[in-house]
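Here is the structure we will look at.
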Amino acid sequence: MGLYKYIKKTNKKKPKEYSELIKKRLIEWRKESTPLKIENPTNVASARRLGYKAKHGFILIRIRIERGQKQRPSIRHGRRSAHFRQRLVLKKSYQWIAEERAAKKYPNLEVLNSYKIGKDGVHFWYEVILVDPNHPEIKSDKNISWIRLNKHKGRVYRGLTSAGKKSRSLRGKGKGFEKSRPSLGAHSYRAK
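Positions 399 to 590 (our numbering) are the ones given, in order, by the sequence shown.
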């Protein structure tokens, strides 16, 4: 069994010591600013599985997202619309929102992927893998150099990351999924 399989097994079992470690981490993370650039991934197995490499050009961001529905800003003046709701239905996952916020903070980088690292009653924490498409090491790496092409610019805003595709229900095939292609909007969101 390889090293990453052991790490994955440990994360799944969650022994008492591991749970205590996570609690300590969450206490620290609550005090930190967000988004925060970090040196090493919290979950090495997940980061490697999603394409992270410990080389120049790869940047990791820890981001905190508030749980709960998106509240609309209160009405300052004027009449409310007939279809007004206090809560806005985003039709997006927390993970996709986290990726978008990371991309907004670092506009010269592209989002490769992300993964969840923790949650409590109020927040979710994600680590987002960002790539610098203009870095010489990224240009010379044949496995990741595809990200410098123009068609991959702003991929997170177009729902082309893994979290975005899942949120747009593009993972499945067969009966019921014919309504999710070419897009949910083309079929009045019947697939969701």
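Don't be surprised by glycine CBs; every beta carbon is placed ideally from N, CA and C.
Enumerate in chain order the residues of its own chain whose CB-to-CB distance from ALA500 is below 7 Å, with the five nearest sequence positions on each side excluded. PRO433, ILE459, ILE461, VAL509, VAL526, LEU528
Reduced DSSP secondary structure (H/G/I, E/B, other) of TYR504: coil
Is the beta carbon of LYS514 closer than 9 Å to that of TYR524? yes
Beta carbon of LYS577, beta carbon of ARG588: below 9 Å? yes
Nearest-angstrom beta carbon gap, SER565 and GLY557 [assumed within contact, 8 Å]: 7 Å
Below 7 Å CB to CB, which residues in the same chain sit around ASN441 once its five sequence neighbours on both sides are set aside? ASN409, TYR513, ILE515
Measure the Cβ-Cβ separation of PRO534 and ARG546 and say whether it is below 9 Å. no
Cβ neighbour criterion (16 or more within 10 Å) applied to ILE473: exposed
Contact check, ALA445 vs GLU497, beta carbons under 9 Å: no
Looking at LEU488: is its Cβ nearer than 9 Å to the Cβ of GLN469? no
Residues in its own chain within less than 8 Å of SER491 by CB, not counting five upstream and five downstream? ALA561, LYS564, SER565
Just to confirm, is the Cβ distance from ASP539 to LYS451 under 9 Å? yes
Would you kindly work out how many angstroms separate the C-alpha atoms of GLY572 and ASN541, rounded to a whole number? 31 Å
Identify whether PHE522 lies in helix, strand or coil by the three-state DSSP scheme. strand
DSSP beta-bridge partners of GLU418: None; GLU418 has no bridge partner.
Thinking just about the alpha-carbon of each residue, which of PRO413, HIS585, VAL554 is nearest to the one in ILE495? VAL554
Option nearest HIS521 by Cα separation, candidates PRO505, ILE463, GLN467: ILE463
Alpha carbon to alpha carbon, how far is GLU430 from GLY574? 43 Å
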